[in-house]
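J.: Residue 432 in our numbering sits at position 83 of the sequence shown; the count goes up by one each step and never skips.
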Amino acid sequence: MCGIIGVVGDADPLTTLLAGLTRLEYRGYDSAGVALVRPGEMWRARTAEGTESVSALKLACADAPTDARSGIGHTRWATHGAPEAVNAHPHVDCSGTVAIIHNGIIENHRELADDLRARGHVFTSVTDSEVLAHLVEEGRRAGLELLEALRATIQAVRGAFAVAVMDATEPDVIVAARRVSPLVVGVAPGVTYLASDVPAILDRARVFYAVNDDEIVRLAPEGFRAVDLDGAPVRLRQLSIDWDLETAEKGGHDDFMIKEILEEPGAVRATLLDRRRLDGTIAFDEMRVDDDELRAVRRVVLVAAGTSHHAAQVAKYAIERWARLSVEVDIASEYRYRDPIVEIGTLVIGVSQSGETIDTIQAVREAHGRGARVVAVTNVVDSSLAREADAVVYTRAGLEISVASTKAFVAQVAALELLALRLAQLRGTLEPDEVDALVRGLGALPALVERTLARRAQVEEVATALVGARDFFFLGRHVGFPTALEGALKFKEITYRHAEGYPAGELKHGPLALIEPGVVVVAIATDPTLREKLLSNLAEVKARGATVVAIVSDDDEVTEAVADYLVRVPVTEPMFTPVVDVIPLQLLAYATARLLGRNVDRPRNLAKTVTVE
Ligand code: F6R
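This is the structure we're talking about:
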């Protein structure tokens, strides 16, 4: 899991690479490096300073050559080999002439390295990636052009990669290829770029292109050409990009996380925008599955990871209730390894903010291979998941940079609930006026989210009072359960405090043993139909000394009796409560993390987009 960037024909490649690496840090930041090339000479600098790696790299580049016109850069999230400078990219071949950067995992690297060592190659790192440099070196020694040497290399490797290669004997050329890991190419007059994503080169390139699996590109200052695995020329698809750099900046806030939380009303609004035709039919972006196929769906399987998995769990309640379809929600990394059953009429919905999470992509591939129709719910246009699917529902939350996902979650819930209503419409399981009322209810959410955000101060008070606590349980029932899971995930990932989410009724089956004075229980208590039962669960933890924080609706007059702290949110239709109730939970995690002095945007050990299994 890493970010890669490259440029040819630039008057100041180092500045371009360092600026791009800063924007790519969300993909990993435990080490960083660049290589610059001038005729006959490869210059390289690498640092491993944790979250400060890119800053340290800037200092390490003080004596970089100023006459180079091309270079490659890398920010790393370690998989094979410790996060040390020796394992940082770029890696070079035995002669130091060829340099490579790589995002992904080469699964057969051990056998390849054994063969290469037997042929005299000397390895200087313990990464899986270094084999790529030596394989390209072999091709060059055999007289192959750089593009052909890379093509031969990727024919030999198994796994996932976005790889870029430079050779000091061809200073104005970079070759690159991908399989599974993302790669885009950007073009401006006289300069050509590559990167893991568009924002890394958004302020430099004018036109962007997506590289598909098993395509190899050759970049030169005047442009690029691409071939497939067999060497046949291919045309890359131009991407439609409507972001400006402003959207990738913090917009005046202390960090991206709070900026993104405050953007939630807009994220939900944009996701719901323009989704109904004049006749009331709910419509999506790229629905290449026709209505008859959707009507014939007999079973739905949602696959996702992390926060997206929690949004998928909310969708289970909505699809079952409204469309009367049986729904399973699977952890994406588990799906393909358990011989899943895909029958005629199975619809698989892959949910992923980035659209690049390898676990989710592989799960969706598995389902596709077994004959399922696949819908992607993703935030990134033209992402790998979007391209993999038969149909796409875009969440339109805008670029999310903070590692902890926030606005993507509320947008996912809105999109998935809309999809549930579409299935209900097609199956006739709801009357048209019921669908109308629910769509209106969804439409009211952005204003409710705004009102909830305006009450930020009440959550900050709770955070200040409880900042010393070390153990947190988040409880909920019905859709409050996935909301509780999401609250616990947000809390643990940015505060580093122990936090667990549970269905409130499950506590008595074991975890209650952990409840003692000092433990904090955060309860999602906004569903009036389940309030009585939840109150009993809260009484159980209160009796054992826990401190209770209850998220309650404005009309709740009873929960106060068992809670130490109340956080009030506007009254919302129960199925829509996750969109509103998650906000105080995100703010609680955020405020606590800030009080503890954590790096909220870049929590330790994590990366924004997980492109390794
Ligand atoms: C948590 C978080 C992760 C992601 C997960 C899936 O705040 O951000 O748990 O939700 O890695 O990522 P996507 O949605 O991009 O597939």
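The beta carbon of each residue, even a glycine, is placed where N, CA and C say it ideally should be.
All values reported here derive from a predicted model rather than from experimental measurement.
Ligand 1 and V959: does any heavy atom of the ligand fall closer than 6 Å to the residue's C-beta?
T.: Result yes, Cβ under 6 Å from ligand 1.
J.: Go ahead and pull the three-state DSSP assignment for D603.
T.: Reduced to three states, the DSSP call for D603 is coil.
J.: Would L856 count as contacting chain B if we go by Cβ distances under 7 Å?
T.: You won't find chain B in this structure, because it holds only one protein chain.
J.: I need the DSSP call for V480, collapsed to helix, strand or coil.
T.: Correct three-state label for V480: helix.
J.: What's the call for Q774, buried or exposed, on a 16-neighbour Cβ count within 10 Å?
T.: The residue is buried, with at least 16 neighbouring Cβ atoms inside 10 Å.
J.: Could you pull the start and end residues of the beta strand (DSSP E) that A888 belongs to?
T.: Premise fails: A888 lies in the alpha helix (DSSP H), 880-892, not in any beta strand (DSSP E).
J.: Which residues mark the beginning and the end of the alpha helix (DSSP H) in which A812 is found?
T.: Start and end: 805-815.
J.: Please go through the same chain and pick out, in chain order, the residues whose beta-carbon is closer than 8 Å to the beta-carbon of H847, but skip the five residues on each side of it.
T.: Excluding sequence neighbours, H847 sits near R819, D820, F821, K841.
J.: Which of the three DSSP states is assigned to R826 in this structure?
T.: The answer is coil: DSSP assigns R826 none of H, G, I, E or B.
J.: With DSSP collapsed to three states, give me the class of L411.
T.: The question names Leu, but residue 411 is Ala in the sequence shown. Coil, per DSSP.
J.: Across which residues does DSSP place T921 in a beta bridge pair?
T.: The partner list for T921 (beta bridge, DSSP) is empty, contrary to what the question assumes.
J.: What's the call for A803, buried or exposed, on a 16-neighbour Cβ count within 10 Å?
T.: By the neighbour-count rule (16 or more Cβ atoms within 10 Å), A803 is not buried but exposed.
J.: Would DSSP call D731 helix, strand or coil?
T.: Here D731 sits in coil by DSSP.
J.: Which one or two residues does DSSP pair with C351 in a beta bridge?
T.: In the DSSP output, where bridge partners are listed per residue, C351 has R425.
J.: From this set, A427, S444, I450, which residue's C-alpha is nearest L366's C-alpha?
T.: Out of A427, S444, I450, I450 has the C-alpha closest to the C-alpha of L366.
J.: Given a cut-off of 7 Å on the beta-carbon distance, is the pair A760 and I843 in contact?
T.: In this structure, I843 does not lie closer than 7 Å to A760 by Cβ.
J.: Please name the residue in E922, V383, V808 whose C-alpha comes closest to that of D412.
T.: It is V383.
J.: Out of curiosity, what's the CA-to-CA distance linking A740 and D731?
T.: C-alpha separation (whole angstroms): 12 Å.
J.: Compare the Cα-Cα distances from E705 to each of V691, R719, V723, R736 and report the closest residue.
T.: When only C-alpha atoms are compared, the closest one is R736.
J.: Check for me: the beta strand (DSSP E) holding F510 runs from which residue to which?
T.: Looking at the DSSP string, the run of the beta strand (DSSP E) that includes F510 is 508-516.
J.: Please name the residue or residues paired with N452 in a DSSP beta bridge.
T.: The partner list for N452 (beta bridge, DSSP) reads A511.
J.: Determine whether the beta carbon atoms of I421 and F605 lie at a separation below 7 Å.
T.: Against a cut-off of 7 Å, the Cβ pair of F605 and I421 comes out as no contact.
J.: For the candidate residues V928, G836, G453, whose alpha-carbon lies nearest to that of A526?
T.: Of V928, G836, G453, the residue nearest in Cα terms is G453.
J.: Which of the three DSSP states, helix, strand or coil, is assigned to E780?
T.: Three-state DSSP puts E780 in coil, outside helix and strand.
J.: Report the start-end ranges of each alpha helix (DSSP H) in the segment 607-634 that is 4 residues or longer and not cut off at the edges.
T.: Whole alpha helix (DSSP H) segments, 4+ residues: 613-621.
J.: Mind checking N457: buried by the 16 CB within 10 Å criterion, or exposed?
T.: Result: exposed.
J.: Taking V931 as part of the alpha helix (DSSP H), name the residues at either end of that continuous run.
T.: First-last of the alpha helix (DSSP H) with V931: 926-944.
J.: Is any heavy atom in ligand 1 found nearer than 6 Å to the beta carbon of A753?
T.: Within the cutoff, so yes.
J.: Taking DSSP's pairing of strands, which residues face W392 in a bridge?
T.: Answer by DSSP bridge pairing, in chain order: L385.
J.: Just to confirm, is the Cβ distance from T380 to S402 under 7 Å?
T.: Note that residue 380 is Ser in the sequence shown here, rather than Thr. Contact flag set, yes.
J.: What is the rounded straight-line gap between the Cα of E715 and the Cα of R685?
T.: Between E715 and R685, the C-alpha separation is close to 6 Å.
J.: Return the bridge partner residues of G850 from the DSSP annotation.
T.: Answer is F823.
J.: Nearest by alpha-carbon distance to D562: which of A569, E571, D579, L551 is it?
T.: Checking every option, the nearest Cα to that of D562 belongs to D579.
J.: Please work out which residues of its chain come closer than 6 Å, Cβ to Cβ, to R659, disregarding the five sequence neighbours upstream and downstream, and give them in chain order.
T.: According to the sequence displayed, residue 659 carries His and not Arg. Same-chain partners within the cutoff: P831, L834, E835.
J.: Tell me the rounded alpha-carbon separation between D361 and D552.
T.: Spanning the two alpha carbons is a distance of roughly 14 Å.
J.: Given that a residue counts as buried once 16 or more other Cβ atoms are within 10 Å of its Cβ, and exposed if not, what is D905?
T.: Counting Cβ neighbours within 10 Å, D905 comes out buried, since at least 16 surround it.
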